[in-house]
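Peer 1: Each residue of the sequence shown is one higher than the one before, starting from 6 at the first, in our numbering. Sending over a structure as structure tokens; questions will come in a sec.
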Amino acid sequence: KEDPAVKRYQALKRKPQTEAQARKNMMIYLKNVVGFKMDYFKGMSYDDIRPIFERYFDSNVAFLQKTKEQIEEEESRALKRINETPAERAAK
6 KEDPAVKRYQ ALKRKPQTEA QARKNMMIYL KNVVGFKMDY FKGMSYDDIR
56 PIFERYFDSN VAFLQKTKEQ IEEEESRALK RINETPAERA AK
């Protein structure tokens, strides 16, 4: 038999987030991941915060979805740039 508290928790979990809860979660994400201060969001509505959140969240997701090959390719390009001699740089 299930505990009534568990059923209550599961019912709450199924409910969609309110706009205020979503706003709070976005603010916390931006604070922890991007480094925003909470004071930055004072007086801002959900509609003001959403585009900021989407920009940073989408760039984070894009970074996480990069393939291993793309990462290795970028690293090899960076190594070539580091190992270039000043004469090669001047030739460009």
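All C-beta atoms in this analysis are idealised placements derived from N, C-alpha and C, irrespective of residue type, glycine included.
Tell me the residue span of the alpha helix (DSSP H) that contains Asp52.
Peer 2: Looking at the DSSP string, the run of the alpha helix (DSSP H) that includes Asp52 is 51 to 69.
Peer 1: Here's the rule: buried if 16 or more other CB atoms are within 10 angstroms of the residue's CB, otherwise exposed. What is Leu35?
Peer 2: Leu35 comes out buried.
Peer 1: Thinking just about the alpha-carbon of each residue, which of Glu74, Ile33, Val38 is nearest to the one in Asp44?
Peer 2: For Asp44, the nearest C-alpha among the options comes from Ile33.
Peer 1: When you compare only the Cα positions, how much space is there between Glu79 and Tyr51?
Peer 2: One C-alpha to the other measures close to 37 Å.
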